[in-house]
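One point on numbering: in this note's numbering, the residue at position 74 of the sequence shown is 672, and numbering is uninterrupted. For reference, the structure discussed in these notes is given below.
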Amino acid sequence: KEKEIRQHGEYRTRRLVLAAWDRMDADGTFSALGLTGAAPTAARQPIQLPPLKQLPDDAWVRAAPSPQNDPLAALAAILKSLDGPAPVRTVRLTAAFILEPHLLTPLLPPEDKAQWRRLVGQEAEPRTGNVVGFAARTTPGWKTAVTNHRGNGRLIEDRAAGTWAPGTGLDGFYTAGWPEGRAAFVTNALRHLDINTTANATPDEVRDLIDDAATG
599 KEKEIRQHGE YRTRRLVLAA WDRMDADGTF SALGLTGAAP TAARQPIQLP PLKQLPDDAW
659 VRAAPSPQND PLAALAAILK SLDGPAPVRT VRLTAAFILE PHLLTPLLPP EDKAQWRRLV
719 GQEAEPRTGN VVGFAARTTP GWKTAVTNHR GNGRLIEDRA AGTWAPGTGL DGFYTAGWPE
779 GRAAFVTNAL RHLDINTTAN ATPDEVRDLI DDAATG
């Protein structure tokens with residue numbers, strides 16, 4: 599398990615087993631074998647954070663940021679934090695705040711801001727000027743993440759509605775630590791912010807990822 603997580607960023611064996619189970623359930627294999635209902639699947643619950651004050655300092659620090667793997671983990675964690683379909687633009691904005699946490703800091707009320715900075719560390723410290731290099735750091739990995747999760751059924755896209763929703767197999771994708779912590783925090787924070795106003799206020803490079811469907 600640990601070797602697969604290190605090499606692929608996920609527990610692939612578990613995902614493949616769960617995907618095979620879902621296929622057999624969908625195509626009637628279990629019914630034909632008289633096994634319908636033999637192993638009911640519990641509904642997946644969105645990520646729930648403990649009280650923030652209970653978490654240690656630097657709980658959501660990234661020890662070694664990876665432009666290729668971090669967007670994959672961030673998107674998986676976002677999907678795990680959802681309890682249903684969400685606007686694609688909101689998911690992209692959430693990802694931007696997870697990967698560039700200093701962008702969220704000025705938008706938070708004082709108590710949440712203090713906790714965010716305490717848990718995320720240096721990455722959450724406010725900066726001045728534009729986010730130079732964001733596109734080069736993030737866009738290629740983000741495109742790969744969307745393609746990967748969508749292709750493996752972990753991300754369900756409704757193009758007509760403009761939404762993304764969690765699919766199957768997410769539980770087999772390792773997101774413990776900073777991905778889940780940041781995703782749950784940002785998802786909750788955005789419930790108290792106007793999405794369009796917040797997105798439009800981000801630096802140009804970040805807004806390009808949020809608004810450009812070509813980035814995924």
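The C-beta atom is built at its ideal place from N, Cα and C for all residues, glycine as well.
DSSP three-state call for L791: helix, strand or coil?
If you number the sequence shown from 1, residue 791 lands on position 193. It is coil, neither helix nor strand.
Please state whether DSSP places D655 in a helix, a strand or coil.
Mapped onto the sequence shown, residue 655 falls at position 57. In this structure, D655 counts as coil in the three-state DSSP scheme.
What is the DSSP secondary structure of A640, reduced to helix, strand or coil?
Within the sequence shown, the letter at position 42 stands for residue 640. Because A640 carries a pLDDT of 43, less than 50, the predicted location of this residue cannot be relied on, and no value is offered for it.
Range of the contiguous alpha helix (DSSP H) that encloses T688:
The residue labelled residue 688 in the question sits at position 90 within the sequence shown. That run of the alpha helix (DSSP H) goes 686 to 697.
May I have the straight-line CA-CA distance separating T795 from D710, to the nearest angstrom?
For the purposes of this step, residue 795 is identified with residue 197 of the sequence shown, where counting begins at 1. For the purposes of this step, residue 710 is identified with residue 112 of the sequence shown, where counting begins at 1. Roughly 20 Å between the two C-alpha positions.
Only counting the same chain, and skipping five residues up and downstream in sequence, which positions put a Cβ closer than 8 Å to that of L702?
The sequence position of residue 702 within the sequence shown is 104, counting from 1. Correct list, in chain order: F695, W714, A722, V784, A787.
Counting along the chain, where does the alpha helix (DSSP H) carrying L670 start and finish?
Position 72 of the sequence shown, counting from 1, holds the residue named residue 670. 668 to 679 is the extent of the alpha helix (DSSP H) around L670.
Just to confirm, is the Cβ distance from P685 to G760 under 7 Å?
In the sequence shown, the residue the question calls residue 685 occupies position 87. In the sequence shown, the residue the question calls residue 760 occupies position 162. Yes. Within cutoff.
Is the Cβ-Cβ distance between T773 and A661 less than 7 Å?
Locating residue 773 in the sequence shown gives position 175, where the first residue counts as 1. Locating residue 661 in the sequence shown gives position 63, where the first residue counts as 1. For T773 and A661, no; Cβs fall outside 7 Å.
Nearest to T737 by alpha carbon, out of P649, V804, D656?
Here residue 737 refers to the residue found at position 139 when the sequence shown is read from its first residue. It is V804 whose Cα lies nearest to the Cα of T737.
Outcome for K651 when other beta-carbon atoms lying within 10 angstroms are tallied against a minimum of 16
Taking the sequence shown and counting its residues from 1, one reaches residue 651 at position 53. The residue in question, K651, is exposed, as its Cβ has fewer than 16 Cβ neighbours within 10 Å.
Using DSSP with H/G/I as helix, E/B as strand and the rest coil, what is L753?
Residue numbering aside, residue 753 sits at position 155 when the sequence shown is read from its first letter. Residue state, collapsed to three classes: strand.
Whole angstroms is fine: what's the gap from G682's alpha carbon to I754's?
Start at 1 with the first residue of the sequence shown, and residue 682 comes out as number 84. Start at 1 with the first residue of the sequence shown, and residue 754 comes out as number 156. Computed Cα separation, rounded: 10 Å.
Give the secondary structure of T800 by DSSP, where H, G and I count as helix, E and B as strand, and everything else as coil.
Position 202 of the sequence shown holds residue 800. Three-state result, T800: coil.
Does DSSP classify A712 as helix, strand or coil?
Translated into positions along the sequence shown, residue 712 becomes position 114. Helix, per DSSP.
Collapsed DSSP secondary structure at P704 in the structure displayed
Taking the first residue of the sequence shown as 1, we reach residue 704 at position 106. Here P704 sits in helix by DSSP.
Do you know whose CA, among W776, H700, A733, lies nearest Q720's CA?
For the purposes of this step, residue 720 is identified with residue 122 of the sequence shown, where counting begins at 1. Comparing Cα-Cα distances from Q720 to each of W776, H700, A733, the minimum goes to H700.
When you compare each of A712, D769, G765 to G749 by their alpha carbons, which one comes out closest?
Position 151 of the sequence shown, counting from 1, holds the residue named residue 749. Checked all of A712, D769, G765; the closest Cα to G749 is G765.
What did DSSP end up calling T761 once you bin it into helix, strand or coil?
Position 163 of the sequence shown, counted from the first residue, corresponds to residue 761. The answer is strand: DSSP assigns T761 an E or B state.
Could you tell me the distance, in whole angstroms, from the CA atom of P708 to the CA atom of R621?
Numbered from its first residue, the sequence shown carries residue 708 at position 110. Numbered from its first residue, the sequence shown carries residue 621 at position 23. Roughly 48 Å between the two C-alpha positions.
Which of helix, strand or coil does DSSP assign to D810?
What you label residue 810 is simply residue 212 of the sequence shown in a count that begins at 1. Three-state DSSP puts D810 in coil, outside helix and strand.
Whole-angstrom distance between E778 and L653, CA atom to CA atom
Start at 1 with the first residue of the sequence shown, and residue 653 comes out as number 55. Start at 1 with the first residue of the sequence shown, and residue 778 comes out as number 180. When rounded, the distance between both Cα atoms is 13 Å.
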